[in-house]
Every structure is written in C-alpha cells, then in structure tokens.
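Peer 1: Dumping the structure here so I can ask a few things about it.
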Amino acid sequence: MFNINAGKEIWPELGQALRAAQARQGSFLLSPPSPASFDFLSVNLAVECADRVYPASRLLLSALVSAEAAAAPLLGPAIGLGPPTYDHNHAPTCAQWPVERPSRFEGSYRASDSAPILVLGTTGDPDTPYQDAVALAGTLENGRLLTFAGEGHTAYNRSACVSGLVTEYLATLALPARGTVCADETPPGPLGSRIAGIEVDETRDVIPVLR
Numbered sequence: 004m005f006n007i008n009a010g011k012e013i014w015p016e017l018g019q020a021l022r023a024a025q026a027r028q029g030s031f032l033l034s035p036p037s038p039a040s041f042d043f044l045s046v047n048l049a050v051e052c053a054d055r056v057y058p059a060s061r062l063l064l065s066a067l068v069s070a071e072a073a074a075a076p077l078l079g080p081a082i083g084l085g086p087p088t089y090d091h092n093h094a095p096t097c098a099q100w101p102v103e104r105p106s107r108f109e110g111s112y113r114a115s116d117s118a119p120i121l122v123l124g125t126t127g128d129p130d131t132p133y134q135d136a137v138a139l140a141g142t143l144e145n146g147r148l149l150t151f152a153g154e155g156h157t158a159y160n161r162s163a164c165v166s167g168l169v170t171e172y173l174a175t176l177a178l179p180a181r182g183t184v185c186a187d188e189t190p191p192g193p194l195g196s197r198i199a200g201i202e203v204d205e206t207r208d209v210i211p212v213l214r
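Each residue of the sequence shown is one higher than the one before, counting from 4 in this note's numbering.
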C-alpha cells in the first residue's frame, strides 16, 4: 500500500501491477518492505501506543474489530480499529503495551503565543486525511494552512510550489497568503518510466528523495 503514497506519477505502474495480481502473476507488489521501513515502523508503533488509548480488554478489542470487519467486509478485516495501511496491527499490540505513557499530551492544542505555524495538507492523501490538516490549522492559534491539490502522501518535495513556500517559511517565518493552493503535481508518465525507482520503503515519506 505504500506505493499509493507516490501520487499520480506511479498510477500507470500501480495499475499494471494490480492487473497482474488479479491474474495471479508476479509484480513489485510482492516485494518485501525494505529494512529501513521496519526501522521506521517500529518507532511509529511505539508512538502510536503512547499517544492513543486502545481498549484494555482483548475481548472488547476483538468485538470491535469484528464489528468493523462486518461493516466493511473488504477493508475492515485488514485495517479495523487502526489508521489506514501499515497501522492496522497497532490495535492488538497497543492493547497489550506494558509501558506507561507519561509523555501523552492531552491539550491544549492551540499553541497560544507561538510563532506562526505552517500546516501542509494534500487533498488526496491516502495516509493522513486532508480534513485533519484543515482541523489542525483551525485549532492552532497561529496556524496557516497550505493546500497541495494532488494525490499521494506528503507535499514537500513533491510540489515545487509547496517546497518554495515552505523553504521561505523556514527561513523567514513568512506565511503564504490565506487560501493558497498549489496544484503542480507531477502527472503520470509513460508506462514503465518509473518502474526502476519503485521501492516499498516507508521512509521515503519522511526522508524525500530529491529529484
């Protein structure tokens, strides 16, 4: 599922791979995650267990997951009671997490008297929904939303428009105008143009590869 995060430019190869999978043929979708992905996901799991409260009872957890699976037969069994894609295994793990959570923050989330805070949101993000970015920017006392009208996860380094505005913000704390929308997503290329660069590596989300 990580490949969805790359946006439209990967769609031709992803569509071909899905057709191959439907025909029970091999494709890059069968490639195992990279070692870097496991390093990233282990930390991700620890953060999720510290930040989110899951049912303490495994019986209750099982009942809730079963209810979600019944309500959504296609995806419920895989991602019930957890964020999309890789996080579906957090619920059964975090319900048995033996460590205290002293760092869990419960508010306020307004960050009063802070410097300007730039919030990025991608309209077609399959991993972190755009509506959450809108809500966060509205919650922060000094928040400002920058929208990337595109598909895929993250915006920085996937949009020259976003990257330029973010760099300016980091250097000077200057915020883009309210309602700014960047719409320069890389379109799909010819089939096969990206196949050599496809990797199952979640760290690409947080450590972008410069183009």
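In this text, a Cβ means the ideal position worked out from N, Cα and C, and glycines have one as well.
#1: Ordered along the chain, which non-local residues of its own chain (more than five positions away) have a Cβ less than 6 Å from that of ILE120?
#2: Would you call the CB atoms of VAL165 and LEU139 closer than 8 Å?
#3: From the DSSP output, in three-state form, read off THR170 for me.
#4: On the three-state DSSP scale, how would you describe GLY18?
#5: Of all the options THR126, GLU12, HIS93, GLY182, which has the alpha carbon lying nearest to the alpha carbon of LEU44?
#6: Kindly identify the DSSP beta-bridge partner or partners of PHE151.
#7: Is it the case that the Cβ atoms of THR125 and ALA158 are separated by a distance below 8 Å?
#8: If you follow the alpha helix (DSSP H) that PRO58 is part of, which residue opens it and which one closes it?
#9: What are the boundary residues of the alpha helix (DSSP H) that THR96 is part of?
#10: Here's the rule: buried if 16 or more other CB atoms are within 10 angstroms of the residue's CB, otherwise exposed. What is PRO179?
#11: Regarding SER37 and the ligand MN, is the C-beta to nearest heavy atom distance less than 7 Å?
#12: Should TYR57 be labelled buried (16 or more other beta-carbon atoms within 10 Å of its own) or exposed?
#13: I'd like the list of long-range same chain contacts for ILE7, defined as Cβ closer than 6 Å, with 5 residues on each side in sequence excluded.
#14: At what residues does the alpha helix (DSSP H) containing LEU139 begin and finish?
#15: Rounded to a whole number of angstroms, what is the C-alpha to C-alpha distance between ALA59 and GLN99?
Peer 2: With the structure as the only source:
#1: Translated into the one-based positions of the sequence shown, residue 120 becomes position 117. Hits under 6 Å: LEU143, ASN145, GLY146.
#2: One-based indexing of the sequence shown puts residue 165 at position 162. One-based indexing of the sequence shown puts residue 139 at position 136. No; because the gap between Cβ atoms is not below 8 Å, this pair is not in contact.
#3: The count along the sequence shown starts at 1 and reaches residue 170 at position 167. It is helical.
#4: Walking along the sequence shown from the start, residue 18 turns up at place 15. In the three-state scheme derived from DSSP, where H, G and I count as helix and E and B as strand, GLY18 is classed as helix.
#5: Residue 44 sits at position 41 when you count from the first residue of the sequence shown. Among THR126, GLU12, HIS93, GLY182, the Cα nearest to that of LEU44 is on HIS93.
#6: Working through the sequence shown from its first residue, we reach residue 151 at position 148. For PHE151, which the question treats as bridged, DSSP gives the partners THR125, CYS185.
#7: Your numbering for residue 125 matches position 122 in the sequence shown. Your numbering for residue 158 matches position 155 in the sequence shown. Taking 8 Å as the Cβ cut-off, THR125 and ALA158 qualify as a contacting pair.
#8: Against the sequence shown, residue 58 aligns to sequence position 55. Per DSSP, PRO58 belongs to no alpha helix (DSSP H) and is neither H nor E.
#9: Residue 96 sits at position 93 when you count from the first residue of the sequence shown. Note, THR96: alpha helix (DSSP H), 93-97.
#10: If you number the sequence shown from 1, residue 179 lands on position 176. Buried is the call here.
#11: No copy of the ligand MN occurs in the structure displayed, which carries no ligand at all.
#12: In the sequence shown, residue 57 corresponds to position 54, counting from 1. Under this definition TYR57 is a buried residue.
#13: Counting from one through the sequence shown, the residue named residue 7 turns up at place 4. So the list reads PRO129, once near-sequence residues are dropped.
#14: For the purposes of this step, residue 139 is taken as the residue at position 136 of the sequence shown. Taken as a continuous stretch (DSSP letters only), the alpha helix (DSSP H) holding LEU139 covers 133-142.
#15: Position 56 of the sequence shown holds residue 59. Position 96 of the sequence shown holds residue 99. The straight-line gap from Cα to Cα measures roughly 7 Å.
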